[in-house]
Every structure is written in C-alpha cells, then in structure tokens.
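Read top to bottom, the protein sequences are chains D and A. Here the first sequence is numbered in the working numbering, starting from 863 and rising by one per residue. Here the second sequence is numbered in the working numbering, starting from 596 and rising by one per residue. A short write-up of the structure that comes next.
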Amino acid sequence: MSTARRLQRGGLIDRSRRIRFSFNGKDYFGHPGDTLASALLAQGVRIFGRSFKYHRPRGIVGAGAEEPNALVQVGEGGFSTPNLKATQVELYEGLTARTVNGWPNLAFDIGAINNRLSRLLPAGFYYKTFMWPRSAWMRYERHIRRAAGLGHAPSLPDPDHYDKRHAHFDVFIAGGGPTGLTAALGAARAGARVLLVDEQTQLGGSLLFSPVLIGGRTGIEWIAELEAELRSFPEVTILSRSTVTGYYDHNFLVVNQRRTDHVGPGQAEPRLTRERLWRVRAKQVVIATGAIERPLVFDANDTPGVMLGSAVSTYIRRYAVSPGRSGAVFTNNDSGYQSALDMASAGMEVRAIVDVRKRPGADVLAAVSTYDIPIYQGYAVPSVQSGLQGLKRIEIAKLSPCGEDIVSHKGLVDCQVLAISGGWSPAVHLHSQSGGRPRYDALKACFVPGRPVQAERSAGACAGSFTLTACLREGADAGISAAAQSGWPGGYVDIPAVEESVQAPLQPFWEVPAGALSGNGVKKFLDFQNDTTASDIRLAAREGYRSIEHVKRYTALGFGTDQGKLGNINGLAILAKTLGKSPGEVGTTTFRPNYTPVTFGTVAGRTLGEQLFDPVRKTAIHAWHVRRGASFENVGQWKRPWFYPRDGEDMHAAVNRECLATRNGVGVLDASTLGKIDIRGPDAARFLNLLYTNNWDNLQPGRCRYGFMLGEDGMVMDDGVTTCLAPGHFLMTTTTGGAAAVLTWMERWLQTEWPDLKVYLTSVTDQWSVMSVAGPCARTVLQRVGCDLDLGGDAFPFMSMQVGQVAGIPARISRISFSGELAFEISVEANQGLALWETIMVAGRDYDITPYGTESMHVLRAEKGYVIVGQDTDGSVTPMDLGMDWIVSKKKDFIGKRSLSRSDTERPNRKQLVGLKTQDPSRVLPEGAQLVNSRQEAQPVPMIGHVSSSYFSANLGRSIALALVKGGLSRMGGTIYAHLMDGSVVPATICEPVFFDPENQRGKS
Amino acid sequence: MLKIECPWCGERDQEEFQYGGEAHIVRPERPDTLTDEQWADYLFNRANTKGVHAEQWCHGAGCRRWFNVLRDTVSYVIVAVYRPGENPPGGGE
Ligand SMILES: [Zn+2]
C-alpha cells in the first residue's frame, strides 16, 4: 500500500516514528497520533465494512464516537475487544484489527445478496418473516446472526484487571473542547474541586482541527496554555480517553476511563488497570459535549467516500490525511465551506460546492473565492455513483424555490470524496439522561437542552451555540456559576478575541428529492449501521406507527452501537414531515446510558470470582464434605452437600443408599445453613404470636414448636422450628434461603408497626454448627459419642431441647426431625463443628453411619409429606391449601390471618397439596409437570395443577410425588394425568401426601 | 442512583438501602372486623402518587433502621427524611 494520501506537512502526528499494525490480515503502518481509521485512510483503504442488513460496502463517515461503519475487532485472544470504532482506536505497535461485519470477507460477501433483494427486506422484515412460526426462526437465526456480524466475544479469560473509583467533586465538566476548557478554568480559579472529562487522546475538541486563531495563537497553542494552568491546581483532575457514559439521579455520573488500551496488551505498567469506572457525585455539572454533524439524506449516501464535512477536515488538519484526490461539498450551512477550504489546502481538487441555500454567508463565499471552485447555490446532490473503490461521481440538480422538488438536472461531477453537512446536532445525551427534555429550536433546526432538572447546565455547541466566541463565553460563565453554586465564588476568565466568519443561517433540509439517476433500487440511508432508510420510516408511518419510540423499534433506527448519533434526527424529521407535524412535536427518542459501549470487564471491575462477585458461604464442616467427595448444591450463597457418591455411584444410586441407610440405621446431615435468629425480650412470645399462625404463649423453656409465617396476603412465606430457650428468649430457625428476608421482615414490623414491643433480634446463623443425627440407631450412636444427658424417650421427649455436653463439647440438643426418623439435632459453636462431626462419624462406624445430602433430605421429607417452602409453595398457597388447618389459630390475630377468610382464599376449588402415585411405580414424574383431567381433551385443555416435588423412594420401592391440584383434597383416590414435554401422558392416582409412617411412630420413638 | 440521608447515619448511596413502598399505611387494629373491601384496601391499594410521595426506606447495609422519605416521583428530588412515628414535615398525614 502506498502512503499517497498522507500529507507532507501539518497534522498532530509524529512522522519520525512508524507504528506497524495489521488490518484484516494485511500489514500497514501509521504514526503516533494516528487512529486506526486515519492510518488506513492514509494508505488508501476506502472500504471498512459491510452494512448490517444489505451488506453494502461501507467506508469511514466520521472521525469519532459517531462513526457508524468502521467497526473493528481489536487484539487477539483474551485481550480482544469487539465493535470498537476505528475512528477511536489509537495505534500501538503490533495492533491487529479485523472488520466485524463482512463474513466471509469484504470483497466477496454472501450477505450482499440481501442488497439485490432489498425490495423484499423492508422495515420489520425480520419480525414479519422469521419470528413465526417459532421453529422457522430457530432455523434461520444462526445464519442471520452470523451474516449480520458485529464481532465476537473473546472466548479466553480476560488477562487484564479493571477497577472502580468513587469520587466527589464540586464541579463536574463533561467535554474538554473550547467550552469545557474555559468552564474548567473558571471553576478552578474559584478554588472549586473540578473534574474535567474528555473522550479524546488530547484536550481541545473541535480546536484540534480548526484553523481559527484564539487571541493570536493557534488552537493547539491555546489548549496547551490552558491545560498547563489547569494542571497547576491541586484540586483539578483531568481525565482524557474517558467517556461520561451515564448521568443518573442526584448528580451521579459514571465515567469510563480507558487507561492502557492505547499502548496495547502487556505494554502498560503492570500496576495499571486496563479500564477504570469512575462513580462520581458532583455538586454541579457543566455539560460541554459539543455537537455532532448531521448527514444529508440522498440516494446512495452510504457510498464509501461520502463523509461528514467535519470528518474530512479532521483527517486533513489533525491527521494530515487527504481522503481522496478530488472532492466536492454538499451542504445546507456555512460549515461545509471550511471543508472545501481544507480540501483545497491539502492539494485536493475541489470540483463543486453544492449548497441548498440561495444565499450562503458572505464571509465563507469570500474565503473560498481565492480558489477556483464552482459553487452551486440552490442546488442539491440527489444521488451519487460508485465504482469498486467507492465514490466516483455525484449528480447535481437544481432545486425548486421551496427545495421540495428537483427542477432540472445540472450534470455529473467526478470526485472521490463528498463532504456533507446537514447542520449540527447538539449532543444533548447527558442532559436528556439527567431527566431534561430537549426542545426543538426551529431557527437552528436542532434539539437543544430544555429546562435543567438536576444541578446541571449545558454550554457551547451542545446548547446550540455554534460559534467559537459563544462557546468560550458560555463555557466560562457556566464554570464560574457552577463553582459559585457549589460554594466557590470568584472565578474569572478573560475571553480571548477570536477571528471567525459571520455565519449565515442554515436551511433545514432533511431529504433530497429523487434525481435523474435515482429510482433504480438504491436507497437513502438514515442509520448506516442498521441500514434504516427514509422509505422505511415512511413505511412505518403508513403501517400506522406514530410515536418515534415505536418507529425506532420497528425500523431499528438508532439501535446500533452508535445509538443513532448521526441519523436519528433525520429520521424523526422525515417522520414529522410524513405525519404533517413539526420535528418538535414528534420529539426525540429517549437518550439512555451508555453514551458509548462499555466493556463487561469495566462493569465487573474487581468484583470477580467466588470471593468478590457473589461470596460463597461454607459451613464449618465443608472441608470434610469436600474430602468425602460430595457433590454440592447452591442454596442461596451456601454450598450444601447434595449427595456423597461412592466409587462408581451415580446420583440416583447414592441417594437410594443414603435414604435406606438413614431409615434402617443412622444418617447424619449438616444442617448448619438453616437461618437462626435469636429473639429476646419481654414481648418475644407476643411477637411470635403475631408472626406465626399458631399459638406461642404456652411454649415452655426447653420445648420446640413448628411454625408457619404468612405474608399479610395470607400466603405461606417461611417455616421452621422455634425453641424456647428461657422465658423471653427464643431461637428461631428459618429456611436456608429465607433467613435474611425473614430477619428484615421481623425488623420492619418491630420498627414501623409495633415499636412498643420490647423485642431484640440477632442473626446467629453463622455462630452455630448444626448436625442432625437421624435413624433408628441415632440414640445409640449419640450415647457412644458420649452425652451427659438421658437420651431416653421419657427423659428427652420429641420436640424438646436440652443443653448438655456431647463428646465434651457444650451443645444444644433438640429432638426435632425433618426426616421422620428418631433424630437428634446437635448445635455447637461453629468452631467445634468439624471436630464433633468427625467424632460422630467415628462413633457411628459400627452402625455404618452415612452422611446424607440435601437430595436425600428432600426424599425423606417427601416420604413424610413435609413441604418445602418455595418448592411446594409459590407465594399463592395458604396453610389450608396445604391441608394444615391445624397450625392456624382461630383465637388470636396474626399477620395474614384476615386474608385467610377473603372470598378468594376461602373458595373451594383452590389448588391443594396432595400426594401422587404414578400407576407405573417405576415412572418418576418431572417436577413442574402439568396435570390435566384426562388423556385426551379438546383444546384449550384445562390445567388442573402441577407436580411440585417428585422422587424415587428406595424405602417404598416406588416413585412418589407431591402436587398442587385444584380441589385436590376432595379427589383422593382419583386419577389425574401428567402431560410431559415429550408428548407422553402419565396417569397417576391422587393420595394423601404422607407416604410413610403416617402416625409418626418413628420420629417420636 | 439516589443519594439518601439516613436519619441516623447521614447521606449514603441508594445501593445501601431497600425500598419499602408507601409510608403511613397503618395496620388495622381489628382486622377481623373489616369487610373484604376494607381489608383489600389496606392490603393492596396504594396512592401511586405522581409528585411528592411519602415512602419507607430501610438502611439495610447500614444501621438496618427503617425511616420515611418524602420523594418527588417525577423529579426524584428528596424533599425530607424523618423517623418512624414522626409526621412528615410541613403537616399532612
Ligand atoms: Zn443508617
């Protein structure tokens, strides 16, 4: 590749150094100061990608965050990042980049067939065609997504680190252009604590490509002077390569700082994180985000070589790249003339300035008059033609006086570059995110910030002020007043004199009428990234869409990674015209964070892995479970042993063995994860009476009771056993997953409804290790372990608790059982838990003591018909639905009681808990299976209920299930059918939910 | 993200707090004497205020105390915070 397009002089690049990089597998070089886009343009690359839907070749349009086409995947392996804009990627030695869109390659592209079929692919095409039937979408989706491209997520772990920083500032300034710089100076001189955030490599914004002199100095000199002074203030922080991605409530702003991407993988100081997310609270905010140039809408305006005028100037003046040998300008305002001047000064042959206005500004006409450029006033470019390397020639046509029609075809002009300018769109994104509503300024033909909702003000171009003098003045005023309002009065800035031309007004011009070359299927593009066209907007309007929010979703306008920074305004103006409204009446779509994409690594920051992302809770006995080879189950944040497979056992075999061992000998369960809340105070029993459905007045010290907690809506919320330790002192257990919510629930009632109750709550879940020794041999094993208590049934009855010593360790021992077996639940201080567990395992060896996990626990309790809240209940189940009327006190009030007598909770045909026995005893129903009344029914088939728990019971030698069935309690012995996903129908008999030892002889023994 | 002033701990970020819905909903003294409609009104019906709204918040990752906030549901400006049992500043309720 030649470097023919690189200018010999000028620009902010260092020609003395070369940086080698590769693009789509070919080697190139650039210079420090280049972006990937400028370096490639310098070497004659014109085509950067394929468009999303029609796979049309696309070139560079912009020079910054607004670029819609030149999306690249940068870097290899775990470092790789998709969908970066080549216009923002700084070069580093060895950089590799690939086009994200254009499979299988840029030159030959299967998706380009869409281009020829484009008439068949109108707005909403994918919805209309592929979404129904669903099976068809599943077949097409993979191919469509692949053809659509947009990069690949790296498949290797990210080798880099990311972090977050929280900060507070008096004055937050978004944007480091001329406006933001004077704002920062004004605030800094007042003494305020200032954060200045700028997206680019260096401060200056539009001054980096502007020829205007400021107080006799070049823009670059002026920036350097200001930056030096700003850096001398200790309370001023300047962040470059940083984007304000979001503006949230109460002046909370998020900044994405890119710290090492510009030096490449492995080249940065090791202590530096790759990116940093700043979370900032600011007393006052100055928005100085500038404006984005607007494209003009004409046939084939997506042809490579058609570029924003400001981008053409940026490549020439900042990067010393002339984007072609010959050029032309198409504009509706004065700023297009600067692009003509810049092209001419770069040695390009400027063959036409086409201005839709009859009267361009006198100053700009005078400025271009030194060059011999044909100027067409009152003309437009209705279409362009392209060759293999992009733009070849443009059509020029005369407009009618109102600009609505083409009057006559003027002719064709050959050129490689067309600089377009449809005016400027203030970057009102942050103002909108802050809650402001942009309003339409008809004179300037753009949306400007509305009334501030938060402590913010917009200044300069983002407020619709497009002259440099105004930007400098407004910036200074904004910075000074923001500082004053945050407590730092006295800021000052002397505004330097600026020589700039007097601007003539622009002429709003949203769409060029069809010309002589139009009408052959080419299109007027609004959103280059999503291939949304002007006719798509009109089609949406014809099909009845009125709201811009709906049109956006139907046509995908503004849905790309550029979020419609270029095309949205043209789209809504065309919609307005179609609907006979003004753009102000149609309004903008909502600007939402993030302004530009943020990597997942940055969002995650340091909160990665088991320790920091979602902490893992392990019981004191965890290490033993691991040694024993347990499979674990996540319950909330807890790791619980699920089952303990022996050599060669699958889960089924292990669970069967564990269940049989517990019923026939002795098993042991680590029950430490159950929530434990210590409840003290003279009103503790009164409080329990309000929380639980049953009565707690008469529970004596040393006795345990099972309770249900309901929501005020009467639905079961949690359950557990609570023990009276002493008068006015209880220990409540909750479900493992519900512990935190139950504590919060109890605190809330105490603080907000019953502050007069003297009750004190303490979470003691982690303080105790709990193990349940269960089975016919439990008592014998515990005696062998050594216990100073009489463990006999008379001295130590069912549902009681005693304090004693087990193996010399102080313990609370409870005779409670979730398995239905004789069981002792032993609680010791957590740091003694492992020692006691190991002692029990040794003492129980002769009885083949068997550790069992949560799966066996579930089977054993299901055999007993004990419900698990959250599995057999789902927030719509009352105690009566569970057949547990006995637990509901008729005498006292409690939370949820009144709801149990509402018409809906009292109606007869509610879903009720029953047992199910499949008629084929070996058939285990899947949990969640839907139940219906017969094998074959007319659709829609009435749903009668669903299976909530289902297991194979080794003790019973058959499958068992619990189910919620409409009117189930009155259908005992009846048959019901489970319809499964595979189409099979399984008949089952409805039975009592207690499958084993209904008199509970074993638990009480 | 809101900045909320806990009456006991001072200003903190919203992520330390849990939202508790409309404030000053008093549990009826004698639920058993209420009609279904009256009970449903207490249980389900809320003002859904557009404007200044009295609501409960809990400083869950701090002192764990519940308190009341007057917050504008349009602008999200917090007008006042006050403790349980206190009346909202400026009368009302
Ligand atoms: Zn607090």
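Positions of the beta carbon are idealized from the N, C-alpha and C atoms, including for glycine.
Top-ranked residue by Cα proximity to residue i, from the options
i	options	result
residue 1148(D)	1419(D), 1057(D), 1534(D)	1057(D)
residue 1513(D)	1667(D), 1352(D), 1715(D), 1357(D)	1715(D)
residue 1841(D)	1792(D), 877(D), 1191(D)	1792(D)
residue 1680(D)	1079(D), 1727(D), 1109(D)	1727(D)
residue 1754(D)	870(D), 1557(D), 1846(D), 1085(D)	1557(D)
residue 885(D)	1757(D), 1655(D), 900(D)	900(D)
residue 1237(D)	1250(D), 1251(D), 1244(D), 1219(D)	1219(D)
residue 1418(D)	1400(D), 1618(D), 1397(D), 1392(D)	1392(D)
residue 1498(D)	1170(D), 1599(D), 1837(D), 1193(D)	1599(D)
residue 1041(D)	1030(D), 1697(D), 1088(D)	1088(D)
residue 1163(D)	1804(D), 922(D), 1124(D), 1100(D)	922(D)
residue 1017(D)	1800(D), 937(D), 1334(D)	937(D)
Spatial distance of residue i from residue j (CA atoms)
i	j	result
residue 1826(D)	residue 1415(D)	41 angstroms
residue 682(A)	residue 1593(D)	35 angstroms
residue 1065(D)	residue 1693(D)	59 angstroms
residue 1520(D)	residue 1552(D)	39 angstroms
residue 1464(D)	residue 1138(D)	6 angstroms
residue 1150(D)	residue 1358(D)	19 angstroms
residue 867(D)	residue 890(D)	13 angstroms
residue 1935(D)	residue 1434(D)	Residue 1935(D) is absent from the structure shown; chain D starts at 863 and stops at 1867.
residue 1855(D)	residue 650(A)	43 angstroms
residue 1198(D)	residue 1177(D)	15 angstroms
residue 1428(D)	residue 1774(D)	59 angstroms
Contacts around residue i, its chain only, beta-carbon distance under 7 angstroms, and the 5 residues preceding and following it disregarded
i	result
residue 657(A)	601, 604, 607, 611
residue 1254(D)	1247, 1248, 1276
residue 1021(D)	940, 941
residue 1352(D)	1052
residue 1262(D)	1269
residue 1226(D)	1196, 1199, 1363
Sequence-distant residues of the same chain with beta carbon closer than 6 angstroms to residue i, five excluded per side
i	result
residue 1620(D)	1543, 1544, 1545
residue 1833(D)	1852
residue 1173(D)	924, 925
residue 1641(D)	1653
residue 960(D)	886, 935
residue 994(D)	Bear in mind that the predicted position of residue 994(D) carries a pLDDT of just 48, short of 50, making it too unreliable to give a figure here.
Paired residues, beta bridge with residue i - DSSP
i	result
residue 1671(D)	1668(D)
residue 1623(D)	1541(D)
residue 1154(D)	1287(D)
residue 960(D)	935(D)
Contact with chain D by residue i, beta-carbon distance below 8 angstroms
i	result
residue 597(A)	yes
residue 636(A)	no
residue 677(A)	no
residue 659(A)	yes
residue 667(A)	no
residue 604(A)	no
residue 601(A)	no
residue 641(A)	no
residue 683(A)	no
residue 607(A)	no
residue 650(A)	no
Minimum Cβ-Cβ distance from residue i to chain A less than 8 angstroms
i	result
residue 1694(D)	no
residue 1700(D)	no
residue 1106(D)	no
residue 1098(D)	no
residue 1614(D)	yes
residue 1385(D)	no
Contacting residues, own chain, Cβ-Cβ under 8 angstroms from residue i (five flanking each side not counted)
i	result
residue 1235(D)	1202, 1206, 1212, 1213, 1214, 1215
residue 882(D)	889, 890, 891, 955, 956
residue 1560(D)	none
8 angstroms Cβ cutoff, residue i in contact with chain B
i	result
residue 1248(D)	No chain B appears in the structure shown, which is made up of the protein chains D and A.
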